[in-house]
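In the numbering used here, the protein residues as written are 6 to 176. Worksheet for the structure shown next.
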């Protein structure tokens with residue numbers, strides 16, 4: 006398996022596996038940050054789509070999400086929001102590199118993610134879940150996941166050379 010494909014798979018498996026612990030806390034922004042900063046564009050988008058599809062499959066099969074229009078609509082909105090987060094983060098990480106720009110890009114990605122979901126909710130899906138406490142909990146979850154994924158990437162780079170791609174250099 007090619008190095009970036011293995012890293013892509015590891016990112017998707019780790020985040021989807023972790024989301025099993027807390028079903029509604031899938032760290033799409035943290036995943037987007039890692040994918041956008043370490044993988045080629047096509048593989049980054051593929052990683053996001055695979056993680057989203059796996060998350061939805063787990064929700065509908067193992068977690069008994071209701072199979073109705075509202076739940077399907079939110080699932081699609083989450084996928085669009087995850088790709089929006091990826092695009093926002095990628096736009097920054099293509100031009101600059103380093104930890105601070107990645108953290109700033111991740112904050113931008115979180116805003117993009119939440120704005121897409123809020124727009125969907127305002128259009129008819131409901132905005133009741135957008136309280137300050139819930140959004141703060143989601144932000145905290147993303148920060149913790151990003152920190153964990155960064156630590157894992159650094160450990161892999163140091164102890165298993167050649168397995169995970171280093172952060173992409175700015176263009």
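Just so it is clear, CB atoms sit at the ideal spot from N, CA and C, and this is done for glycine as well.
Residue nearest to residue i in terms of C-alpha spacing, selected from the options
{"i": "residue 86", "options": "51, 61, 114", "result": "114"}
{"i": "residue 33", "options": "137, 60, 134, 126", "result": "60"}
{"i": "residue 48", "options": "63, 70, 17", "result": "17"}
{"i": "residue 116", "options": "170, 140, 12", "result": "140"}
{"i": "residue 68", "options": "45, 100, 89, 24", "result": "24"}
{"i": "residue 88", "options": "159, 45, 41, 77", "result": "41"}
{"i": "residue 131", "options": "71, 46, 75", "result": "75"}
Classification of residue i by the beta-carbon crowding that lies within 10 angstroms, buried from 16 upward
{"i": "residue 98", "result": "buried"}
{"i": "residue 12", "result": "buried"}
{"i": "residue 26", "result": "exposed"}
{"i": "residue 94", "result": "buried"}
{"i": "residue 20", "result": "buried"}
Straight-line gap, residue i to residue j (C-alpha atoms, nearest Å)
{"i": "residue 52", "j": "residue 148", "result": "19 Å"}
{"i": "residue 151", "j": "residue 38", "result": "8 Å"}
{"i": "residue 118", "j": "residue 166", "result": "33 Å"}
{"i": "residue 83", "j": "residue 120", "result": "11 Å"}
{"i": "residue 146", "j": "residue 91", "result": "17 Å"}
{"i": "residue 162", "j": "residue 112", "result": "25 Å"}
{"i": "residue 164", "j": "residue 15", "result": "16 Å"}
{"i": "residue 187", "j": "residue 9", "result": "Here the chain covers residues 6 to 176 and nothing more, so residue 187 does not appear."}
Chain B contact for residue i (CB, 8 Å cutoff)
{"i": "residue 90", "result": "Judged by its chain identifiers, the structure shown contains no chain B, having just a single protein chain."}
Quiz item: Using 8 Å as the Cβ pair cut-off and three pairs as the minimum, do the stretch 104-112 and the stretch 52-70 touch?
Solution: no
Self-check item: Any 3 or more C-beta pairs closer than 8 Å across the stretch 121-132 and the stretch 147-161
Solution: no
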